[in-house]
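Worksheet: the structure to be examined is printed underneath.
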Ligand code: SME
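Residue numbers (the working numbering): 10 to 156.
Structure, rendered in structure tokens:
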């Protein structure tokens, strides 16, 4: 499936019904894109605090992350997409698995503030291009009403 088809599929999932829609979006992205090895959402559930939401991939110990902490917390603080091509070169990083080599985090915005994030881990070094940023920023806008 190309990016345009993935966006259409995400729209269709969100337009549907049921509690499993965000989970289905995570699973779709992980299944369709080879370099996405973990796909999850973090949700702002308190001022300056992110809680793990639906995800596809291995369980993670990082079920709560403060703004400013790790790649997720830095993206929340900066209010912009944060791409880390090689996590071994990032000091402020929360490791989930030694297999993870790179990460992209895209904030989900509402009314000018961060309400959540799309977080992708990859087992490859430097796999993310502007195509990933564009796709995931579209996905973030489409899923925003469900956050
Ligand atoms: N690596 C993230 C933590 C979350 S996991 O990738 C699931 C970080 O540094 O914020």
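Even for Gly, the Cβ is constructed at its ideal location relative to N, Cα and C.
Exposed unless 16 or more other CB atoms sit within 10 angstroms - verdict on residue i
i           : result
residue 138 : exposed
residue 136 : buried
residue 24  : exposed
residue 111 : buried
residue 134 : exposed
residue 106 : exposed
Separation of residue j from residue i, as counted between CA atoms
i           : j           : result
residue 153 : residue 93  : 23 Å
residue 96  : residue 109 : 8 Å
residue 104 : residue 77  : 15 Å
residue 121 : residue 80  : 20 Å
residue 100 : residue 83  : 12 Å
residue 62  : residue 52  : 6 Å
residue 33  : residue 129 : 15 Å
Residue from the options whose Cα sits closest to the Cα of residue i
i           : options      : result
residue 10  : 39, 58, 96   : 39
residue 88  : 15, 66, 146  : 146
residue 150 : 85, 126, 140 : 126
residue 65  : 59, 41, 57   : 41
residue 115 : 46, 156, 50  : 50
The ligand SAH heavy atom lying under 8 Å from the CB of residue i
i           : result
residue 141 : The model on display carries the ligand SME but not the ligand SAH.
Other residues of its chain near residue i: CB distance less than 8 Å, five sequence neighbours each side excluded
i          : result
residue 86 : 76, 77
residue 20 : 151
- Query: Whose beta carbon lies closer than 5 Å to any heavy atom of the ligand SME, going through the chain in order?
  - Reply: 69, 71, 79, 80, 81, 102, 103, 105, 130
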